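Numbering follows full-length UniProt numbering, with no gaps: position 189 of the sequence shown is 189.
We put the beta carbon where it would ideally sit given N, CA and C, even for glycine.
On a predicted model such as this, the values are computed, not experimentally measured, just so you know.
As structure tokens, the structure follows; a few thoughts come after it.
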Amino acid sequence: MAADTATWTPPTGNSSQFGKDRPVTITANADNSIQVKPNRGVTIPDIEAIGPESESLQQWQKRLGIDRSKQVKLVKLAHMRYQHPDLPTIRKFLIDFGMHVAKETEDEIWFRGYGTDQYVYYARKGEMKFLGGTFEVESMEELEKASKLPRAQGPIEEMKHAPGGGYLLALQDPEGFPINLMYGSPPAATGAEWPEKVIYNYEGEDKPRVRKFNRFTPGPAAVHKLGHYGLCVQKFSEQLDWYTRTFNFAPTDFLYIPAGDGKTKDVAVFAHIDRGETCVDHHTFFMSTNPTSHVHHASFEVHDYDTQHLGHQWLEKQGYTSVWGVGRHILGSQVIYIFDYWWDTTGNMIEHYADGDLVNQDTPVGWGPAGDESLAVWGPEVPSWFLH
1 MAADTATWTP PTGNSSQFGK DRPVTITANA DNSIQVKPNR GVTIPDIEAI
51 GPESESLQQW QKRLGIDRSK QVKLVKLAHM RYQHPDLPTI RKFLIDFGMH
101 VAKETEDEIW FRGYGTDQYV YYARKGEMKF LGGTFEVESM EELEKASKLP
151 RAQGPIEEMK HAPGGGYLLA LQDPEGFPIN LMYGSPPAAT GAEWPEKVIY
201 NYEGEDKPRV RKFNRFTPGP AAVHKLGHYG LCVQKFSEQL DWYTRTFNFA
251 PTDFLYIPAG DGKTKDVAVF AHIDRGETCV DHHTFFMSTN PTSHVHHASF
301 EVHDYDTQHL GHQWLEKQGY TSVWGVGRHI LGSQVIYIFD YWWDTTGNMI
351 EHYADGDLVN QDTPVGWGPA GDESLAVWGP EVPSWFLH
């Protein structure tokens, strides 16, 4: 090897990577007066994380005069419903996204995850169309109660051909978006082998993985369940009022903008299903103010951070189009979950998420300023059109 390393070309590189020719930045932060602290992550109680811009859920409901006895009681978000012009293409995409086929016909496909839901995604052949999210209700009585609402779209229908069967009711919100309720579909056996929990070693003495090695297999990020979906709406206040009075949706977080004279205006909400003391996902449904009305995205839970990155890599190698990710969302003071957004082959936005927060009736309602900086604590720069 020559004494001058700048002229030496290693077997898998070139001389510009070494020695004198290697670019070195020495003035990126030349101001030595700046006190820099290392990044850190902590796990703290919800009340502490949310901070002073908050209100108890009970106070919020009382202030708005919400009568919980009149609400249709939802249990969980069960599946999404979409219409696609090319079923074979969306079939391949959703398999690459981590779902597998539960049942299919010439014009319909039901996709499931490895959880206990009979299916998490329903695709029907036809022109591109959003057919709504579908929520499981507590009982047949609750479904019949909902069927008497002014915005119910026809009678309760038996889902004779769907995996698990059950009954379905379609409704329409004030802005014209479909929302579906279902009852009578029993839990399925787990769809596939559950992923094993990987053991991590940390610094110091906290190293539980001894003489064991972590190994990862490339492939899609297996979907566990449907977590949430969201809408961009023009009449935010009217929509919020309808959803929180008609169903047991409860706000977890609001985002606001200045409205003059020291006042603020709520422009987005992240809502969970209020199941009392039972802990549920941070949000199952969200809405944000927009000049046009359209669905934003649907989000599906995966196992962990490595699973999510491997899934991102898999989708990238298949030639699909990434929207934004991988990163970690933040709302106000709350770190929510790890995200990864993609376009499906029809043009709908779809997301993988992992490590989501859990809340219940004792979690305060939080408020925070709207803006790109409120969307992520780390990750790629948010696309300028992301919330449009």
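Asked, Found
"Could you give the distance in angstroms between the alpha-carbon of P258 and the alpha-carbon of G41?", "30 Å"
"Would you mind giving the Cβ-Cβ distance between V326 and Q308, rounded to the nearest angstrom? I have them listed as a contact below 8 Å.", "6 Å"
"Alpha carbon to alpha carbon, what distance is there between T116 and R81?", "18 Å"
"Give a yes or no on whether the C-beta atoms belonging to H297 and M349 are separated by under 8 Å.", "yes"
"What separation, rounded to the nearest whole angstrom, lies between the Cα atoms of A192 and D253?", "34 Å"
"Less than 8 Å between C-beta atoms, sequence neighbours within five positions excluded: which residues of the same chain meet that for Y167?", "M140, L143, I156, E157, E158, M159, M182, Y183, G184"
"Assuming P85 contacts G126 under a Cβ cut-off of 8 Å, what Cβ separation, rounded to an integer in Å, is found between them?", "7 Å"
"From E108 to G51, what does the alpha carbon distance come to, in whole angstroms?", "47 Å"
"DSSP three-state call for D304: helix, strand or coil?", "coil"
"Run through DSSP, which three-state label would S237 get?", "helix"
"State the Cα-Cα distance for the pair F386 and V295, rounded to the nearest angstrom.", "12 Å"
"Does the pairing of the segment 283-293 with the segment 224-236 give three or more beta-carbon distances under 8 Å?", "yes"
"Mind listing, in chain order, the continuous beta strand (DSSP E) runs of no fewer than 3 residues lying wholly within the segment 224-298?", "225-233, 249-260, 263-273, 285-289"
"If the criterion is Cβ atoms closer than 8 Å, does the pair D274 and Q361 meet it?", "yes"
"Out of E205, Q172, I47, W342, which one is the CA nearest neighbour of G319?", "W342"
"Can you list, in chain order, the residues of its chain with a C-beta nearer than 7 Å to that of G347? Leave out the 5 residues immediately preceding and following it.", "M128"
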